[in-house]
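Asks: The structure's right below; bear with me while I get my questions together.
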Amino acid sequence: MLEVFFRHISEQVAFTRKITIILLMVGIFFLLRKAINLMKY
56 MLEVFFRHIS
66 EQVAFTRKIT
76 IILLMVGIFF
86 LLRKAINLMK
96 Y
C-alpha cells in the first residue's frame, strides 16, 4: 500500500518538475524576445 502511495507521489513530483521546467523555458524565451526588441530601438 505504501509503495503505491510513494510511487504516486514520485510521479506527481516528476510531472510538477516537468511543468516547472517548461514554464522557466517560456519565461526565458519571452525575456530574450523583450531584450531583443529593446536592442532594436
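If you count the sequence shown from 1, position 38 lands on 93 in the working numbering, and the numbers rise without skipping.
Ideal placement from N, C-alpha and C gives every residue a C-beta, glycine not left out.
(1) Tell me the residue span of the alpha helix (DSSP H) that contains Met-80.
(2) Hey, how far is the Cα of Val-81 from the Cα of His-63?
(3) If you draw a straight line from the C-alpha of Gln-67 to the C-alpha of Ala-90, how long is it?
Replies: This is what the structure holds:
(1) 57-95
(2) 27 Å
(3) 35 Å
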